[in-house]
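FYI, in my numbering the residues of the sequence shown are 130 to 480.
Take a look at the structure below.
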Amino acid sequence: MVMKMNNVRVIINCIFLAIGNCGGPLMMRLYFHNGGARIWFSSFLQTVGCPLIIFPLLFSFLRRRRLEEQEKTSLFLMKPPLFIASVVVGLLMGFDNYLYSYGLAYIPVSTASLIISAQLGFTALFAFFMVKQKFTPFTINAIVLLTVGAVVLAINSDSDKLANDTHKEYVVAFLMTVGAALLYAFILPLVELSYKKSRQRVTYTLVLEFQMVLCFVATCFCFVGMLVAGDFKVIAREARDFKLGESLYYVVVVFTAVIWQAFFVGAIGLIFCASSLVSGIMVSALLPVTVVLAVICFQEKFQAGKGVALALSLWGSVSYFYGQIKSEEKTKAQETQETQLSQLPVTNSVA
């Protein structure tokens, strides 16, 4: 029963992750493609949807109050060690959002997505040292293929600049996106390590609380950046000049915030249900879908380098999931054998 519930949670989080991972970059490109230019504002939008988490947390609180016999039910389950960890991760996430937004302002979505796929190799490396992640041959194969795909993309990226970009802007944006991938690769196992060192039983409610604090801190970080950059002074003018119209500008803004929040629910929830490496692999596995959607929606170029990177990414993802299936089959076979052995009658021999 417990395993079935965990599988349901994994599926739900994968759905949220798929929506956010594919839809978030496309919404941000829609913003930049039609006249949006505020990098701190687009970073802010990635986590400002965190108040939506209040609704499932409120439902959880009312359920606990009904089931628990105590006179007072705690509204906030998180203890200081995990709270401090969520604040630290939130600051890192805010900076990571800025790096990613900067990159997406100057390079195509398809290119940015394929660069981000390189985070998997670094996620695995950090997870190995931080949370003692175990590797299988299939996992190693997937990591190598996805990393090589990103390298191929970097080598063949000269002709991928957007129409109005200079070579310098493209190079800086490319490096910023690589930095975002590296930092995100560090954040994933850091979240898993925070769960393990929390000194309290980690439940899914606690995971949602962790995410809400993390996103709130990241939002505050980007809010300060917006103040310094003067974004609040120009948002109204930017909305009026938006190519799709002023009303659609605010629709894009709202949907961007909601879709990115789905991404964080899925990514952080998947760390709790499985591991940071699984979360990173799911992000990389979904990136080919983002690449295809970007080519369709924005008519982005699809050179041979992107084709090779996409093929390697798909190959790596299939390799990982095939390895997971084989590993689960082996585990079930061992559990069945142990169960059968434990049920054998015990006979006592008399000398």
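The beta-carbon is built from N, C-alpha and C at its ideal position, and this holds for glycine as well.
Query                                                                                                                                                             : Result
So, Glu256 versus Ser405, is the Cβ gap smaller than 8 Å?                                                                                                         : Residue identity check: residue 256 is Ala in the sequence provided, not Glu. In contact: Ala256 and Ser405 (Cβ atoms closer than 8 Å).
Can you check which of these residues, Lys430, Glu429 and Tyr378, is closest to Asn163 by C-alpha distance?                                                       : Tyr378
Give the straight-line distance between the Cα atoms of Phe359 and Met305, rounded to the nearest whole angstrom.                                                 : Looking at the sequence itself, residue 359 is Gly, so the reference to Phe does not match. Each residue's alpha carbon lies about 22 Å from the other.
Relative to the C-alpha of Leu98, which residue among Ser203, Leu181 and Ile182 is closest?                                                                       : Nothing about residue 98 can be read from this structure; the chain reaches only from 130 to 480.
Touching or not, the segment 137-151 and the segment 393-405, by the rule of three or more beta carbon pairs under 8 Å?                                           : yes
Give the list of continuous alpha helix (DSSP H) stretches no shorter than 4 residues that lie fully inside the segment 159-206.                                  : 168-174 and 183-196
Exposed or buried, which one is Glu118 when buried takes at least 16 other CB atoms within 10 Å?                                                                  : The shown model of the chain, from 130 to 480, leaves out residue 118, and the question about it has no answer.
Taking only three categories from DSSP, how would you classify Ile236?                                                                                            : coil
Measure the alpha-carbon distance for Ala480 versus Thr468 and round it to whole angstroms.                                                                       : With a pLDDT of only 46 at Ala480, under the threshold of 50, the placement of this residue in the model should not be trusted; the figure read from the coordinates follows. Using only the alpha carbons, I get a separation of about 29 Å.
According to the neighbour-count rule (16 or more other Cβ atoms, all chains shown, within 10 Å of its Cβ), is Glu321 buried or exposed?                          : buried
Ignoring anything shorter than 4 residues or poking outside the segment 384-458, list the alpha helix (DSSP H) runs there in chain order.                         : 405-427
Have a look at Arg138, Phe401, Met355 and Ala386 and flag the residue whose alpha-carbon is nearest the alpha-carbon of Leu181.                                   : Ala386
From what residue to what residue does the alpha helix (DSSP H) around Phe371 run?                                                                                : Run containing Phe371: none; DSSP gives neither H nor E here.
If Leu319 sits next to Val218, beta carbons under 8 Å apart, how far is it from one beta carbon to the other, in whole angstroms?                                 : 6 Å
Examine the Cβ distances between the segment 167-184 and the segment 237-255 and report whether three or more of them are shorter than 8 Å.                       : no
Does the segment 326-336 come close enough to the segment 204-213 to have 3 or more Cβ pairs within less than 8 Å?                                                : yes
Can you name, in chain order, every residue of its own chain whose Cβ lies under 6 Å from the Cβ of Thr276, other than the five neighbours on each side?          : Ala247 and Gly250
Would you grab the beta carbon distance between Ser448 and Phe267 for me? Rounded to a whole angstrom, and I think it's under 8 Å.                                : 5 Å
Using C-beta distances below 7 Å, list every residue in its chain close to Tyr160, excluding the 5 sequence neighbours before and after it, in chain order.       : Ser171, Val381 and Thr385
Considering only C-alpha positions, which residue in the set Val139, Phe188, Met157 and Glu338 is nearest to Phe427?                                              : Met157
What does a CB cutoff of less than 6 Å around Glu431 pick up in its chain, not counting 5 residues either side in sequence?                                       : The identity of residue 431 in the sequence shown is Phe, whereas the question assumes Glu. Val424.
Pick helix, strand or coil for Arg138, following the three-state DSSP scheme.                                                                                     : helix
Is it buried or exposed, Gln463, if we count other Cβ atoms within 10 angstroms and call 16 or more buried?                                                       : exposed
Just how far apart, CA to CA, sit Tyr229 and Leu187?                                                                                                              : 32 Å
Going along the chain, which unbroken runs of the alpha helix (DSSP H) with 4 or more residues stay wholly within the segment 288-328?                            : 296-325
Count the other CB atoms, across all protein chains shown, that sit within 10 Å of the CB of Glu429; report buried if there are 16 or more and exposed otherwise. : buried
Report the rounded CA-to-CA distance for Tyr231 versus Thr252, giving the unit in angstroms.                                                                      : 22 Å
Nearest by alpha-carbon distance to Gln175: which of Phe352, Val300, Phe401 and Val216 is it?                                                                     : Phe352
Between Ile316 and the rest of its own chain, which residues show a CB-CB distance below 7 Å, the 5 nearest in sequence each way excluded?                        : Val218, Leu221, Met222 and Asp225
Got a sec, what are the start and stop residues for the alpha helix (DSSP H) Val336 sits in?                                                                      : Tyr333 to Ala358
Hey, how far is the Cα of Ser456 from the Cα of Leu343?                                                                                                           : 33 Å
What first and last residue would you give for the alpha helix (DSSP H) that runs through Thr252?                                                                 : Gln248 to Met259
Just the C-alpha distance for Lys297 and Thr334, rounded to the nearest angstrom, thanks.                                                                         : 45 Å
What does the alpha-carbon distance come out to for the pair Ala403 and Val412?                                                                                   : 14 Å
8 Å is my cut-off, CB to CB: does Val281 come that close to chain D?                                                                                              : Structure shown: chain D not included; a single protein chain is present.
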